[in-house]
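Undergrad: Chains as they are written, first to last, in numbering that gives the first Met the number 0: chain A, 0 to 101; chain B, 0 to 97; chain C, 0 to 311. For each residue, glycine too, the CB sits at the ideal point set by N, CA and C. Sharing a structure with you now.
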Amino acid sequence: MMGAADIAGAVLAVAGVLFFLAGTLGLLRFPDIYTRIHALTKADNLGLGLICLGAAVQSGSLMTALKLLLVWILVLLAAATGASLIAQTAHRRGIRPWARQE
Amino acid sequence: MTAFYLILAGVILAMAFHALMTRPNLLRKLMALNIFTSAVFLFLVTLARMAEPLDPIPHAMVLTGIVVTVSTTAVGLALLVRLYRRSGSLTLQSTDDD
Amino acid sequence: MAVFDLILGLLLVVLVWKSLSVSDLFGAVISFMAFGLLMAVAWVRLEAPDIALAEAAIGSGLTGALLFSTLGRLPHSEARQPVVSRTVRNGPGYWMTTGFWWVLAILLSIAFLFSLLDLQTPGLGGLLQERLPESGVLNPVTAVLLNFRSLDTVMEIAVLLLAVVVAWSMGTVVWPVKRTLPSPLLPGFVRLLTPFFLLVSFSLLWRGSHAPGGAFPSGAVLAAAGILLLLAGKTTRICPRFMFWLRWILAVGLLVFVFAGVSLMVAGYGFLVYPEQWAGALILLIEVSAGVSIGAMLMALYIGGEPDIHSA
Numbered sequence: 000m001m002g003a004a005d006i007a008g009a010v011l012a013v014a015g016v017l018f019f020l021a022g023t024l025g026l027l028r029f030p031d032i033y034t035r036i037h038a039l040t041k042a043d044n045l046g047l048g049l050i051c052l053g054a055a056v057q058s059g060s061l062m063t064a065l066k067l068l069l070v071w072i073l074v075l076l077a078a079a080t081g082a083s084l085i086a087q088t089a090h091r092r093g094i095r096p097w098a099r100q101e
Numbered sequence: 000m001t002a003f004y005l006i007l008a009g010v011i012l013a014m015a016f017h018a019l020m021t022r023p024n025l026l027r028k029l030m031a032l033n034i035f036t037s038a039v040f041l042f043l044v045t046l047a048r049m050a051e052p053l054d055p056i057p058h059a060m061v062l063t064g065i066v067v068t069v070s071t072t073a074v075g076l077a078l079l080v081r082l083y084r085r086s087g088s089l090t091l092q093s094t095d096d097d
Numbered sequence: 000m001a002v003f004d005l006i007l008g009l010l011l012v013v014l015v016w017k018s019l020s021v022s023d024l025f026g027a028v029i030s031f032m033a034f035g036l037l038m039a040v041a042w043v044r045l046e047a048p049d050i051a052l053a054e055a056a057i058g059s060g061l062t063g064a065l066l067f068s069t070l071g072r073l074p075h076s077e078a079r080q081p082v083v084s085r086t087v088r089n090g091p092g093y094w095m096t097t098g099f100w101w102v103l104a105i106l107l108s109i110a111f112l113f114s115l116l117d118l119q120t121p122g123l124g125g126l127l128q129e130r131l132p133e134s135g136v137l138n139p140v141t142a143v144l145l146n147f148r149s150l151d152t153v154m155e156i157a158v159l160l161l162a163v164v165v166a167w168s169m170g171t172v173v174w175p176v177k178r179t180l181p182s183p184l185l186p187g188f189v190r191l192l193t194p195f196f197l198l199v200s201f202s203l204l205w206r207g208s209h210a211p212g213g214a215f216p217s218g219a220v221l222a223a224a225g226i227l228l229l230l231a232g233k234t235t236r237i238c239p240r241f242m243f244w245l246r247w248i249l250a251v252g253l254l255v256f257v258f259a260g261v262s263l264m265v266a267g268y269g270f271l272v273y274p275e276q277w278a279g280a281l282i283l284l285i286e287v288s289a290g291v292s293i294g295a296m297l298m299a300l301y302i303g304g305e306p307d308i309h310s311a
């Protein structure tokens with residue numbers, strides 16, 4: 000028998016994994032560096048947030064939940080900084096954003 | 000599960016050893032050496048996991064090993080940069096046979 | 000959970016293959032770092048959290064930083080190289096040689112696996128649990144590292160110091176200068192993170208006595224903070240006085256360790272044989288000095304040579 004918290008946690012974690020899947024798909028299929036880091040940072044950060052939330056719900060302890068929140072915030076900051084550094088470097092090297100060829 | 004990790008250690012060991020012997024690029028040789036030590040560590044830690052109760056002594060040995068490996072790698076990389084400045088190449092082969 | 004292990008193992012093998020067989024050296028280094036991170040997961044699966052911490056911080060993080068800084072010092076043309084040059088690949092002996100090494104490698108790993116059949120599993124865990132109260136700490140790995148086998152750890156710190164000495168003896172490097180990056184994002188982020196790094200480093204050091212952690216992960220986190228500060232363009236000017244203190248900081252871990260050992264010997268206990276009532280305090284003292292030294296030494300290895308005092 001699973002409790003309500005377990006089920007809610009599992010649902011949140013599965014939703015998070017789906018976002019990771021979407022982000023990875025974007026990394027593999029999108030045409031240029033800017034769209035790829037867009038897919039990665041956006042989808043993966045949301046996915047990680049959902050997984051952290053799921054784990055927090057399952058843990059049932061406030062202390063663990065706060066630690067997971069801290070983990071999420073730090074990863075958000077690191078991902079934002081990293082993505083913008085990659086984008087800036089690419090821009091400085093003269094890589095143009097992709098545009099649909101008509 | 001432990002048997003699986005032992006086989007994994009064997010497979011990684013073989014791949015790393017092969018690369019260590021055949022790759023001419025010294026940076027790659029250093030990476031192969033690092034992966035080789037990882038395989039050995041995996042073997043030691045899996046053995047520790049098989050003991051009853053869990054044996055922490057191989058854990059301490061592996062921790063020491065990780066630090067020694069990073070020291071070796073750092074010295075190797077410093078030598079590699081010096082070699083490149085001297086000879087303009089990342090390999091130890093003489094230039095005329097390439 | 001066997002499926003999880005299977006996927007993990009497959010990923011590890013693929014990453015090993017990529018880091019050893021892809022012509023792009025930059026990509027190979029990234030695969031190597033990913034391999035280290037996944038190894039950390041494997042260590043957790045094998046119930047070795049201490050090693051997982053050390054692998055994530057040192058084995059993957061710092062080794063990756065070292066490899067990247069080396070790649071950065073080489074020209075771009077070196078970053079993409081065929082694994083084996085074409086003339087060698089088409090040469091007559093190539094397949095013979097590579098085949099020979101494959102056969103040898105496979106034989107080696109088969110011998111390695113066969114050697115397991117009549118191997119006794121190590122059984123010192125019980126003995127260690129029995130003697131743990133004498134050690135002054137509650138984490139068995141720390142007890143082994145800093146009490147029961149502390150001589151190994153002295154030598155380990157000595158090896159690290161020796162690596163720094165060798166790197167310094169091969170010439171000077173230009174000390175990174177203070178500069179302003181085009182975007183304020185990274186410096187701002189690093190300024191925000193530095194207190195967190197110090198906190199995590201101290202917490203790992205403190206936790207080492209009763210939970211996974213200790214001087215080595217702690218020193219690695221310190222070094223990571225220092226490397227980030229360098230990358231964000233924040234350094235101090237070097238002067239003779241700075242170099243004087245740097246040398247002392249690099250050596251203090253080993254000096255305290257050896258000094259503690261010798262004083263215990265003079266007091267009649269034997270080299271690094273701690274009296275039971277002082278063991279906890281001595282281990283803490285040694286760990287703090289070792290942690291600071293390890294941070295400085297790893298950072299010195301990243302810089303890659305003796306800082307040139309005249310360059311600043």
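By the three-class DSSP mapping on this structure, what secondary structure does residue 175 of chain C have?
TA: coil
Undergrad: How is residue 186 of chain C classed by DSSP in three states: helix, strand or coil?
TA: helix
Undergrad: Can you tell me whether DSSP reads residue 306 of chain C as helix, strand or coil?
TA: Note: residue 306 of chain C maps to strand in three-state DSSP.
Undergrad: Between residue 48 of chain B and chain C, is any beta-carbon pair separated by less than 9 Å?
TA: Answer yes: the Cβ-Cβ gap between residue 48 of chain B and chain C drops below 9 Å somewhere.
Undergrad: If you count every other CB in all the chains shown that lies within 10 Å of the CB of residue 312 of chain C, and 16 or more means buried, which is it?
TA: Lying before the first or after the last residue shown, residue 312 of chain C is absent from chain C, which here runs from 0 to 311.
Undergrad: Using a Cβ-Cβ cutoff of 7 Å, what residues of the segment 61-84 of chain A are near chain C? List them in chain order.
TA: Taking 7 Å as the Cβ-Cβ cut-off against chain C, the residues of the segment 61-84 of chain A that qualify are 76, 80, 83 and 84.
Undergrad: Nearest CA to the CA of residue 61 of chain C: which residue from C:280, C:142 and C:222?
TA: C:222
Undergrad: Over the uninterrupted alpha helix (DSSP H) stretch that includes residue 12 of chain A, give me the two end residues.
TA: Residue range 3-28 is occupied by the alpha helix (DSSP H) that includes residue 12 of chain A.
Undergrad: When the Cα atoms are used, what is the spatial distance from residue 88 of chain A to residue 202 of chain C?
TA: 35 Å
Undergrad: Whole-angstrom Cβ separation of residue 253 of chain C and residue 160 of chain C, contact assumed at under 8 Å?
TA: 6 Å
Undergrad: In chain order, what are the residue ranges of uninterrupted alpha helix (DSSP H) at least 4 long that sit wholly in the segment 110-159 of chain C?
TA: 124-134 and 139-142
Undergrad: Does the distance from the CB of residue 45 of chain B to the CB of residue 4 of chain B come in under 9 Å?
TA: yes
Undergrad: Tell me whether residue 54 of chain B sits in a helix, a strand or coil according to DSSP, three-state version.
TA: coil
Undergrad: Mind checking the segment 157-184 of chain C against chain A and listing, in chain order, the residues whose C-beta falls within less than 7 Å of any C-beta there?
TA: 182 and 184
Undergrad: Using three-state DSSP, classify residue 23 of chain C as helix, strand or coil.
TA: strand
Undergrad: Of the choices C:111, C:276 and C:59, whose alpha-carbon is the least far from that of residue 9 of chain B?
TA: C:111
Undergrad: Take every Cβ of the segment 255-274 of chain C, pair it with every Cβ of the segment 96-114 of chain C, and state whether three or more of those distances are shorter than 8 Å.
TA: Contact between the segment 255-274 of chain C and the segment 96-114 of chain C is absent, because fewer than three Cβ pairs lie under 8 Å.
Undergrad: Would the beta-carbon of residue 98 of chain A be found less than 8 Å away from any heavy atom of the ligand ZN?
TA: Questions concerning the ligand ZN fall outside what the structure shown contains, since it holds no ligand whatsoever.
Undergrad: Using 8 Å as the Cβ pair cut-off and three pairs as the minimum, do the segment 261-277 of chain C and the segment 47-54 of chain B touch?
TA: no
Undergrad: Please confirm if residue 188 of chain C has its CB atom under 9 Å from at least one CB of chain E.
TA: In the displayed structure, chain E is absent; the protein chains listed are A, B and C.
Undergrad: For a test of the three-state rule: what should DSSP assign to residue 96 of chain B, helix, strand or coil?
TA: Interpretation of residue 96 of chain B is limited by its pLDDT of 45, a score under 50 that renders its predicted location unreliable; the figure taken from the coordinates is listed afterwards. Helix, per DSSP.
Undergrad: So, with DSSP's three-state summary, where would you put residue 93 of chain A?
TA: Here DSSP, grouped into helix, strand and coil, assigns residue 93 of chain A to coil.
Undergrad: Are the CB atoms of residue 200 of chain C and residue 290 of chain C within a distance shorter than 9 Å?
TA: yes
Undergrad: In terms of residues, what are the limits of the alpha helix (DSSP H) holding residue 63 of chain C?
TA: 62-72
Undergrad: Spell out whether any CB of chain B is found under 9 Å from the CB atom of residue 107 of chain C.
TA: yes
Undergrad: On the criterion of 16 or more Cβ atoms from any shown chain inside 10 Å, does residue 43 of chain A qualify as buried, or is it exposed?
TA: buried
Undergrad: So, with DSSP's three-state summary, where would you put residue 169 of chain C?
TA: coil
Undergrad: Please report how far the alpha carbon of residue 81 of chain A lies from the alpha carbon of residue 24 of chain B, in whole angstroms.
TA: 30 Å
Undergrad: From residue 27 of chain A to residue 35 of chain A, what does the alpha carbon distance come to, in whole angstroms?
TA: 8 Å
Undergrad: Of the residues C:288, C:16, C:40 and C:43, which one's Cα is nearest the Cα of residue 30 of chain C?
TA: C:16
Undergrad: Less than 9 Å between the C-beta atoms of residue 60 of chain B and residue 151 of chain C, yes or no?
TA: yes
Undergrad: Is DSSP giving residue 54 of chain C helix, strand or coil here?
TA: For residue 54 of chain C, the secondary structure class from DSSP, reduced to helix, strand or coil, is helix.
Undergrad: Give the straight-line distance between the Cα atoms of residue 196 of chain C and residue 77 of chain A, rounded to the nearest whole angstrom.
TA: 13 Å
Undergrad: Does the beta carbon of residue 100 of chain A sit closer than 9 Å to a beta carbon anywhere in chain C?
TA: no
Undergrad: I think residue 166 of chain C touches residue 269 of chain C, with their Cβ atoms under 8 Å apart; what is that distance to the nearest whole Å?
TA: That belief does not hold up - the Cβ atoms of residue 166 of chain C and residue 269 of chain C are roughly 34 Å apart, past 8 Å.
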